[in-house]
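Asks: Mind looking over this structure? Questions follow.
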Amino acid sequence: MNDLIELTNKLQTVVTSVGADSTLDLPLITVVGSQSSGKSSVLETLVQRDFLPRGSGIVTRRPLILQLVTLPQTDALEYGEFLHIKDKKFYEFTEIREEIERETSRLAGGNKGISRMPIHLRIYSPKVLNLTLVDLPGLTKIPIGDQPNDIEKQIRSLVMDFISNPNSIILAVTPANSDLVNSDSLKMARQVDPEGKRTIGVLTKLDLMDAGTNALDILSGRSYPLKLGFIGVVNRSQQDILTNKPMSTAIEAENQFFQQHPAYRSVAAKCGTQYLNKQLNTILHAHIKEKLPELKTKLGQLISQKQQELSQYGEPTVSTDPLHRGPLILRLLTKFSNDFVAAIDGTSSEMSTKELCGGARIYYIFNNVFGQALDAIPACANLTNHDIRTAIRNSTGPRPSLFVPELAFDLLVRPQIKLLEAPSLRCVELVYEELMKVCHSSDTKELLRYPRLHQRLVEVVSELLRERLSPTSSYVESLIAIERAYINTNHPDFLGAAGAMANLETESKKKKKETKRRHRQSPPASFDLTRPQLMNGHLRSDQGDTGSVVDEPSGESAPKDSFLTYFFGGAGKNERPALGSQEMMTKAQYAPPISVNSMMENEMVPDDSLVRLLFASLLSPGHRLAKLGVHNPLWDTSFGVVSSSGVSGAGAGAGAGASAGAGAGAGASAGAGVSVSSSSGDGGVVTLGAGGMAVSIGDGAVSGVGADDDAECPIYENDLPKIIKKFRQENLNKLLSPVPPLSAPKTIVIGSRKSQLALVQTHIVRDILQSTYPEYEFDIKSMSTTGDKILNQALSKIGEKALFTKELEIALEKGTVDLVVHSLKDLPTVLPGGMFLGAIMERENPNDALVLNEKWKGHTLATLPAGSVIGTSSLRRVAQLKRRYPHLKFIDARGNLNTRLAKLDDPEGPYSGIILAVAGLVRIDKGDRISQILTSSDSLHAVSQGALGIECRESDKDIRALLEPLNHQDTRLACLCERSLMRTLEGGCSVPIGVNSRLENNTLWLHGLVSSLDGQNVVEHQDQVDLAIADTKEKKEQLAAQLGQAVAEKLIEIGADKILAELGHH
1 MNDLIELTNK LQTVVTSVGA DSTLDLPLIT VVGSQSSGKS SVLETLVQRD FLPRGSGIVT
61 RRPLILQLVT LPQTDALEYG EFLHIKDKKF YEFTEIREEI ERETSRLAGG NKGISRMPIH
121 LRIYSPKVLN LTLVDLPGLT KIPIGDQPND IEKQIRSLVM DFISNPNSII LAVTPANSDL
181 VNSDSLKMAR QVDPEGKRTI GVLTKLDLMD AGTNALDILS GRSYPLKLGF IGVVNRSQQD
241 ILTNKPMSTA IEAENQFFQQ HPAYRSVAAK CGTQYLNKQL NTILHAHIKE KLPELKTKLG
301 QLISQKQQEL SQYGEPTVST DPLHRGPLIL RLLTKFSNDF VAAIDGTSSE MSTKELCGGA
361 RIYYIFNNVF GQALDAIPAC ANLTNHDIRT AIRNSTGPRP SLFVPELAFD LLVRPQIKLL
421 EAPSLRCVEL VYEELMKVCH SSDTKELLRY PRLHQRLVEV VSELLRERLS PTSSYVESLI
481 AIERAYINTN HPDFLGAAGA MANLETESKK KKKETKRRHR QSPPASFDLT RPQLMNGHLR
541 SDQGDTGSVV DEPSGESAPK DSFLTYFFGG AGKNERPALG SQEMMTKAQY APPISVNSMM
601 ENEMVPDDSL VRLLFASLLS PGHRLAKLGV HNPLWDTSFG VVSSSGVSGA GAGAGAGASA
661 GAGAGAGASA GAGVSVSSSS GDGGVVTLGA GGMAVSIGDG AVSGVGADDD AECPIYENDL
721 PKIIKKFRQE NLNKLLSPVP PLSAPKTIVI GSRKSQLALV QTHIVRDILQ STYPEYEFDI
781 KSMSTTGDKI LNQALSKIGE KALFTKELEI ALEKGTVDLV VHSLKDLPTV LPGGMFLGAI
841 MERENPNDAL VLNEKWKGHT LATLPAGSVI GTSSLRRVAQ LKRRYPHLKF IDARGNLNTR
901 LAKLDDPEGP YSGIILAVAG LVRIDKGDRI SQILTSSDSL HAVSQGALGI ECRESDKDIR
961 ALLEPLNHQD TRLACLCERS LMRTLEGGCS VPIGVNSRLE NNTLWLHGLV SSLDGQNVVE
1021 HQDQVDLAIA DTKEKKEQLA AQLGQAVAEK LIEIGADKIL AELGHH
C-alpha cells in the first residue's frame, strides 16, 4: 500500500519539477473548508506537529501540496523539505512555518492576496502515514482590510480548479457548531461530485456544539449521505495552541471525548484523528489503485509524445569532442540549407496552409503585387495636356511647330519611365524580406539545441542576403537608367507618327459619325460664329443654322485634304492652312488662320493625344524594352511595362540567387534557384543576385559558424555569452559580422542627455558601435530634457510622460541626431510616430539598492531606527517600501545620481539613505556605495529598469541595420513583456507599478504589481508563458508581449483599475 502512494508522491515531484503538473492529474486529497473551520488544525494533527502559519483572517494564501512520508525507524528524526529549496532539510518546524510565510509573501505579497502557484512541502516522520494532501485557502465572503474586492471569486476559482480534478479526493471540512446546509465546502464539492463518490466529510468542533445537540445523524450518514462518509474530530482549542499543549495529549483527550460522550459512544471507533488518518490512507490507496490503469495509459501517451519531441532534437552527441564537432556542424548546415531550398521550391513537409510563404510568396509578389503596382501607374501619370503643350513649345524655340519635336517627346517620356523605378525597387525589397523570413524559419529543434551555432548561421546567411540586396537594387536602377538614356523609336512595335495619326484619324471618323447620328436625332445646336471650327483639316465658320466651308476646293483636281495633310503640311505654303494664303485673306468670309500655338490654346491640336499614343506604343509589352523577359497579359494595357521582366527578374533574381547560394553553402544542389525569366536580361540578374554565392556561402558559412582555436565553439547547449565581456576584441566583428549599408553616412551622431550616467551609457554604446563599425565615425551630441530642467517638483507632479526623452526625439525627428541612447525605463511605451526602438541591450541588475549615509553604514532598511529619512523620486519605491518598512519616513529626492549622492553625504542633510537603481550605480563606478540590494520581496523594480534602449527613425533602414546586432534577445523579450504590461495599464512616473521578470529554460515569468500611493491598497499577479512553442524570434516577442498584456488585464480585473482611477484624481 505504502509503495503505491510513495510512487505517486515521487511522480508528483517529477511532473512538478519539469512543469508538467497541469498535463497529468494525479490522485491526491484536496482539503476544502471555510475560514476558521479548523482545516489547518486537522492537517497539523495528522502530522502531529505545529508547522502551518496561523493568524486572523486569511492565512493560507497559496496552495500547499503536502506529502507525508513514513520513516520506518520509530526513533528517526522528523524533518521537512521544500521543492523550491534544493538539498536543504528543515529539522525545526518553526523554520518550516517561517519559510512557508516567506515564500507566500514573495508571490502573494503582504496584503492578504492569494497566488495560484503552489508550495511543495514533503515531511518525513515515523508518526505519519503516506499521504498526499493539498491545503487550499479558506473560503471567504467579505474582503477584510486591504484584501482585493473580488477575493471570494479568486478563492472559489482556485478551489474549483483543484477539486475539478477527477482523480482527487475532496476532504470537505465543516464545523459542527454551524448549520450543515450552510457549508460552503460541501456545496462546492457537490458541484463537481454530485453523487458524493469522492467526497469525504470531516466534522470539527464537535465539543463546541450547543448543549443538548449532537451530530450523530450526520456522522451516521442519515442527514447528508456521502459514499466515503463523515468523520468527526476534536482539535486543540486556541488556548491549547497558545499553551503549546502536546499533540499526544490532545489526541488522547480527543479519544476520551468520543468514548465518554453519550451520543458518540457508539461510533467512537469511527471518529477521531487517528481513524481519519488511517481512513485517508486506505481511501487514497484504493483510489490510486482504481485510477492506475488510466494513469498508466496517460503517462505512456505523454512519454511517447516527449520521446517524439526529443527525437527532433537529434541524436545524443558528445559535442565537446573535436572528432564529432566537424561532421555535426556540416550535417546541421546541410539540413538548414535543405530546409531553406525546400521552402523556396515548395517541397517542405511543414508547409503552411494558412498563408503564402517561401517560393509561392515570391511568385505572388512578382506576378500580383508587382504587376498590380505597375498596372496602377498610367502611361501619362502626372502628365497633363498643358505639360505636353508646354514641352512642345519649349523645344521649338521661337518657331511655330509643324511636327511633334522628338526632343519634346524624349523630355516627356523619361520622367514617365522613372515612375517604374519605385515599384521595382519595392519588389526587390519584398523578395528580400521574404527570404529573410525563410532564413529565420529554416531552423529545426536540433539546430535550436545549439543556440550559438544557430545564431551564427542565421547571421552568415542574413549577411549574404544583405550583400546581394544592394547590387540587385543598383542593377534595377541601372535598367531603368538605360531605358531612360535611349528611347528606341525604331522598334517595329512602336507606332510612330504615321501610325499614331492613323489611329487618331480613325477615332476622329468614329466620333464624327457618332456626332452626325446624334444631330439627326436632335435639333442642331447654335455655334459661336466668331470661333473657327476644325473639321477634316479645314477651317470652318458656321453662319446661322448652315455653316459654309471656307476656301473649300472643288473639282477632281483639288487635292484630297485630311487631318494628316493638315498636320504635316502640303506641297506649298498655300496648301498649309496653318500658315494661311493671300487668297484666303482677301475673301469676305475669311476667318483668321489658326497658328499651332492658338490651336493648342484652344485645345484643337491633338499633339497631346498623339504623344499619349506614342507613349502607349513605346511602353507596350511588345517593345524592345520588354524584351528582357516575362510577357504578362496583365501588362498588355495602354501602359505596358518598360522593365516587365528586367526589373522583376532582378527582384526575384535576388531571391533566387540567395536561395541557391544558401543551398550551395551547405552542399545542397539547388540549381539556379527560382527561375522567373528566360532571356539574356535575366542572366545579368542572376549573375548579380547569385553570382559567386555558392562559393562565398560555402566558405563563409563554414568559416563563419565553425569553431576555431581563438573563438568559443558554437556547439555548446547553453545561452550566448555576453557580447563584449566574454569574447575577445578580435572576435567581436566576427560574431556580429556587420555589412554596413552603402548609403549610411560616414559620421553618425548619437543623442544623449547631459547627465553623467546618460553620457556614460551613451559612451558604452558608442564604443561598441565604433569597435563593430571602424569605418564610421560616431559623435555624441548631448542636450538637456524637461526632466533635467525641472528639479523642484516630484516626477509624478510634472504631468509629462516623456520627461527625459521629448527633446531628444525632436532632435531625432529633425535629423540633428541619427540615434538616441535612453535608459529604457524612461522611454514611453508608445513611441511618437516615425520613431523606432532599434535595439535593447543586455540588462544590468534591474533591482533597487539602498545607499546609506556614512554614519549608518552596516544597517539595512529593517535595522534603521524609526523615523529615519529615506530619499527617492519614485512613487513605486515609496508605495512598496512604506508597506514593508512602516517605521521609516520617505521623502522626495530629485537630481542626477551625483546630485543625489551629494545630498546624502551632506552632514546637514536630512537623509539617512537613498534608494537608487543598481544598474546606474554600477555604470558610473559607484557600486561600492551600495549598502543593500533590495530583493523582489522588498520592492519590485521599474519596467525595463537596468536596460538600455536605442531609438532611431523608423524610416532610417541603414541605422536600423547597424543597431540590429546590439539586441540582446533575452533582455528584449523580458523588456517587451514588461513594456506591454505598462502600455496596457497606461502607467508612467505618476503610477506605482512594479514588475519582476525572469527567463528560465524557455519559460518567461512576469510578476506585476499596482499600488496606491500610500501602499495600503496593492494588487499583484504572476503568470508565465512557454516560449518553446514559438519557432521564430518574432513569435517569441509576440508571446512575451501577450504575457505582459495578460498580467495587466488580470491586475485590472482584481482591482488595479480602481487604483488607477483614484490616482487619476490626484
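The opening residue of the sequence shown carries number 1 in my numbering; numbering runs sequentially from there.
We treat Cβ as the ideally placed atom computed from N, Cα and C, and that holds for glycine.
All figures in this text were calculated on a predicted structure; none of them were measured in a lab.
1. Quick check: Leu973 and Lys1036, are their CB atoms within less than 8 Å of each other?
2. By alpha-carbon positions, which one of Lys957, Thr472, Gln932, His968 ends up nearest to Leu948?
3. Unbroken alpha helix (DSSP H) runs of length 4 or more, entirely within the region 965-1047: which are they?
4. Opposite Glu777 in the DSSP bridges: which residues?
5. Within 10 Å of its beta-carbon, does Gly212 have 16 or more other beta-carbons around it, so buried, or fewer, so exposed?
6. Under 8 Å, do Ser784 and Lys754 count as touching if we go by C-beta distance?
7. I'd like to know if the region 156-163 and the region 95-113 are in contact, where contact means that at least 3 CB-CB pairs between them fall below 8 Å.
8. In its own chain, which residues sit with a C-beta less than 6 Å from the C-beta of Ala658, not counting the 5 before and 5 after it?
9. Which term fits Ala381, buried or exposed, when burial requires 16 or more other beta carbons within 10 angstroms of its beta carbon?
10. Please identify the residue among Pro846, Leu962, Phe890, Val1018 whose C-alpha is closest to the C-alpha of Ser936.
11. Pick out whichever of Leu827, Val869, Glu1020, Lys855 has its Cα sitting closest to the Cα of Cys975.
12. For the candidate residues Lys806, Gln761, Ser752, whose alpha-carbon lies nearest to that of Ser782?
13. Helix, strand or coil: how does DSSP classify Gly815 here?
14. Please identify the residue among Asp1026, His1021, Leu985, Leu1009 whose C-alpha is closest to the C-alpha of Glu1000.
15. Let me make sure I understand the geometry here. Which of Glu252, Val1019, Ile5, Arg361 has the alpha-carbon closest to that of Pro27?
16. Run the proximity test for Lys354: is its beta-carbon closer than 7 Å to any non-hydrogen atom belonging to the ligand MN?
17. Using the C-alpha atoms, what's the distance from Ala879 back to Tyr911?
18. I'd like the list of long-range same chain contacts for Ala408, defined as Cβ closer than 7 Å, with 5 residues on each side in sequence excluded.
19. Quick check on DSSP: helix, strand or coil for Lys354?
20. Is the beta carbon of Ile930 less than 8 Å from the beta carbon of Val851?
21. Suppose you measure from the CA of Val641 to the CA of Asn367; what does that come to, to the nearest Å?
22. Looking only at C-alpha atoms, which of Asn1002, Leu985, Glu1034 sits nearest to Val1019?
23. Return the bridge partner residues of Leu139 from the DSSP annotation.
24. Jot down the residue ranges of each uninterrupted beta strand (DSSP E) in the region 882-945, minimum 3 residues, whole runs only, in chain order.
25. Should Glu421 be labelled buried (16 or more other beta-carbon atoms within 10 Å of its own) or exposed?
26. By DSSP's criteria, Leu121 is part of a beta bridge. Which residues make up the other side?
27. When the Cβ atoms of the region 136-152 are set against those of the region 29-44, are three or more pairs found closer than 8 Å?
28. Going straight from the alpha carbon of Asn149 to that of Ile142, what length do you get?
29. Using a Cβ-Cβ cut-off of 7 Å (strictly less than) and excluding sequence neighbours within five positions of Ala189, which residues of its own chain qualify?
30. Considering Arg452, what are the terminal residues of the alpha helix (DSSP H) in which it resides?
31. Where do the ends of the alpha helix (DSSP H) carrying Gly415 lie?
32. DSSP on Leu759, reduced to helix/strand/coil?
33. Taking the CB atoms as reference points, tell me whether Lys889 and Ile914 lie closer together than 8 Å.
34. Between Lys10 and Ser40, what straight-line distance do the alpha-carbon atoms span, to the nearest angstrom?
35. Would Gly1044 be called buried (16 or more neighbouring beta carbons within 10 Å of its own) or exposed?
Replies: On the basis of the data shown:
1. In terms of Cβ geometry, Leu973 and Lys1036 form a close pair [threshold 8 Å].
2. Cα-wise, what sits closest to Leu948 is His968.
3. Qualifying alpha helix (DSSP H) stretches, in chain order: 969-985.
4. Thr747.
5. With fewer than 16 other Cβ atoms from the protein chains shown falling within 10 Å of its own Cβ, Gly212 counts as exposed.
6. Cβ distance < 8 Å, so Ser784 and Lys754 count as in contact.
7. The region 156-163 makes no contact with the region 95-113, as fewer than three CB pairs between them are under 8 Å.
8. Low local confidence applies: a pLDDT of 39 at Ala658 is under 50, so the model's placement there is unreliable, and no value is given.
9. Residue burial annotation: Ala381 is exposed, with fewer than 16 other C-beta atoms found within 10 angstroms of its C-beta.
10. Among Pro846, Leu962, Phe890, Val1018, the Cα nearest to that of Ser936 is on Pro846.
11. If we check each option's Cα against that of Cys975, Leu827 comes out closest.
12. Across the set Lys806, Gln761, Ser752, the C-alpha of Ser752 shows the shortest separation from the C-alpha of Ser782.
13. It is coil, neither helix nor strand.
14. When C-alpha distances from Glu1000 are compared across Asp1026, His1021, Leu985, Leu1009, the shortest belongs to Asp1026.
15. Sorting Glu252, Val1019, Ile5, Arg361 by C-alpha distance to the C-alpha of Pro27 places Ile5 at the top.
16. The ligand MN is not part of the structure shown, which contains no ligands of any sort.
17. Roughly 18 Å between the two C-alpha positions.
18. Excluding residues within five positions, the ones whose Cβ falls inside 7 Å are Ala391, Ile392, Ser395.
19. Residue state, collapsed to three classes: coil.
20. The answer is yes: Cβ separation under 8 Å.
21. For Val641, the predicted model reports a pLDDT of 34, less than 50, meaning its position is unreliable and no value from the coordinates is stated.
22. Just measuring C-alpha positions, the residue of Asn1002, Leu985, Glu1034 sitting nearest Val1019 is Leu985.
23. Per the DSSP secondary-structure output, Leu139 pairs in a beta bridge with Ser34.
24. As far as the region 882-945 is concerned, its whole beta strand (DSSP E) runs of at least 3 residues are 889-891, 913-917.
25. In the assembly as shown, Glu421 is a buried residue. Its beta-carbon has 16 or more other beta-carbons within 10 Å.
26. Leu66, Phe82, per the DSSP bridge assignment.
27. When C-beta atoms of the region 136-152 are compared with those of the region 29-44, three or more pairs fall below 8 Å, so the two segments count as touching.
28. If I take the Cα positions, the gap works out to 8 Å.
29. Within the same chain, Ala189 has close Cβ partners Val32, Ile163, Ile170, Ala172, Thr199.
30. Per DSSP, the unbroken alpha helix (DSSP H) holding Arg452 starts and ends at 451-485.
31. The sequence as given places Pro at residue 415; Gly does not occur at that position. Segment 406-418, the alpha helix (DSSP H) holding Pro415.
32. Three-state result, Leu759: helix.
33. Cβ distance not < 8 Å, so Lys889 and Ile914 don't count as in contact.
34. Those two C-alpha atoms are separated by around 24 Å.
35. Buried is the call here.
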